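Okay, so the sequence shown: first residue is 1 according to UniProt numbering, each after it adds one. Notes for the one structure printed next.
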Amino acid sequence: MTEQQLIKSALQVRENAYVPYSKFKVGAALLGKSGKVYTGCNVENASLGATNCAERTAVFKAISEGENEFETIAVTGDPKQYTFPCGICRQVLVEFGTELKVIVAKSEDEYKVYTLREILPHSFTPADLKTSQQEEDHGI
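Encoded structure:
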């Protein structure tokens, strides 16, 4: 799958966003190592805290369908600016690897590509828990 195809999927699903409060539609398309694409859009809620972002929607769909290894995620928001994953989404994504490619796109032709490590340096990963657990196990 090309970057443009993944962006196109994100642009299409962005139109399904439920955003009665912010009016800010976001779409995400997550490419699994299997080659399958999982899409997600943001879904707002009057309580605001119960809102779910497009990126997490895509990840949760993938996990619920048995996929937990990913290559790339494309994120689309306002066509006039680049929309990056929020902090919570970055933390959810880093659970599955710091080398995940993150495409932020205004359109199929105007986009930038980063690694998750670049947009979330010094992240807290599953490896940090292993180190803490090993220290605890050894009385450190």
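We put the CB at the ideal spot given by N, CA and C, even for glycine. Every value quoted in this text rests on a predicted model; they were computed, and no experiment measured them.
Practice prompt. Would you mind giving the Cβ-Cβ distance between E86 and C53, rounded to the nearest angstrom? I have them listed as a contact below 8 Å.
Written response: Here the sequence assigns Cys to residue 86, which means Glu is not the residue at that position. Their Cβ separation, rounded to whole angstroms, is 6 Å, which keeps C86 and C53 in contact under 8 Å.
Discussion item. Suppose contacts are defined by Cβ-Cβ distances below 8 Å. Is L11 in contact with A62 by that definition?
Written reply: The answer is no: Cβ separation not under 8 Å.
Worksheet entry | The alpha helix (DSSP H) enclosing C41, as first and last residue numbers | Not the alpha helix (DSSP H): C41 falls in the beta strand (DSSP E), residues V37 to C41.
Worksheet item: Cα separation between I88 and Y111?
Response: Distance between the alpha carbons of I88 and Y111: 22 Å.
Practice prompt. With a threshold of 16 other CB atoms inside 10 Å of the CB of L6, please say whether the residue is buried or exposed.
Written response: Result: buried.
Worksheet entry | Same chain only: Cβ atoms within 8 Å of R56, ignoring 5 sequence neighbours per side | Taking R56 as the centre and dropping the five residues before and after it, the same chain places the C-beta of G40, I88, C89 and V92 closer than 8 Å to its C-beta, in chain order.
Worksheet item: Would DSSP call residue 141 helix, strand or coil?
Response: Residue 141 lies beyond the range of the chain shown here (1 to 140); nothing can be said about it.
Fill in: Alpha-carbon spacing of K36 relative to A105, whole angstroms
Their backbone Cα atoms lie some 20 Å apart in a straight line.
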